[in-house]
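Numbering (the UniProt record's numbering), first residue to last: 1 to 135. Ideal Cβ placement from N, Cα and C applies to all residues, glycine included.
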């Protein structure tokens, strides 16, 4: 019972900022912006921002030319209610299908503090805080 209460209190004190990359073109008319906006509005301390690519123009151009990586991405920064970061930025996507979009919106509504709970196909290698293997 005590753990449930602490978890609820923690969720009430945490939030996130989700940054939707404007440079990423959706693979079809999924309504990503509207779906994310609705989802974030249901999150206690969620904020949605549209921004030019935060990872660089070359990164976006390279992704657009690949069928496997095309689709919109979002950066999610877990934070406290004062918008102070609580952990590393999570790169989510690419969002290519309505199933991807449904999984992302459900994950956002859980007030994420990590990539845990996000399907593997939507977790970017940049979101994994584990160190790279050495050669």
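_Start-to-end residues for the alpha helix (DSSP H) that takes in residue 32_ = Within the chain shown, the letter at position 32 stands for residue 32. That run of the alpha helix (DSSP H) goes 32-41.
*So what does DSSP say about residue 103, is it helix, strand or coil?*
By one-based count along the chain shown, residue 103 stands at place 103. Of the three classes helix, strand and coil, the one that applies to residue 103 here is helix, per DSSP.
*How far does the beta strand (DSSP E) with residue 50 in it reach, from first residue to last?*
The residue labelled residue 50 in the question sits at position 50 within the chain shown. Looking at the DSSP string, the run of the beta strand (DSSP E) that includes residue 50 is 46-51.
*Excluding five sequence neighbours on each side, which residues of the same chain lie with their C-beta closer than 8 Å to the C-beta of residue 43?*
Residue numbering aside, residue 43 sits at position 43 when the chain shown is read from its first letter. Here the set comprises 15, 16, 108, 109, 111.
*Of all the options 55, 96, 80, 50, which has the alpha carbon lying nearest to the alpha carbon of residue 72?*
In the chain shown, the residue the question calls residue 72 occupies position 72. Among 55, 96, 80, 50, the Cα nearest to that of residue 72 belongs to 96.
*Exposure of residue 106, with buried meaning 16 or more beta-carbon neighbours within 10 Å*: Here residue 106 refers to the residue found at position 106 of the chain shown. When all chains shown are included, residue 106 counts as exposed.
*Closest residue to residue 48 among 20, 121, 32, 80 (Cα-Cα distance)*: Working through the chain shown from its first residue, we reach residue 48 at position 48. That would be 20, whose Cα lies nearest to the Cα of residue 48.
*Just the C-alpha distance for residue 81 and residue 46, rounded to the nearest angstrom, thanks.*
Within the chain shown, the letter at position 81 stands for residue 81. Within the chain shown, the letter at position 46 stands for residue 46. The straight-line gap from Cα to Cα measures roughly 9 Å.
*Exposed or buried, residue 119, counting other C-beta atoms within 10 Å across all chains shown (16 or more means buried)?*
If you number the chain shown from 1, residue 119 lands on position 119. Exposed, because fewer than 16 other Cβ atoms sit within 10 Å of the Cβ of residue 119.
*Going by CA-CA distance only, name the one from 74, 86, 54, 38 that's closest to residue 123.*
Taking the first residue of the chain shown as 1, we reach residue 123 at position 123. That would be 74, whose Cα lies nearest to the Cα of residue 123.
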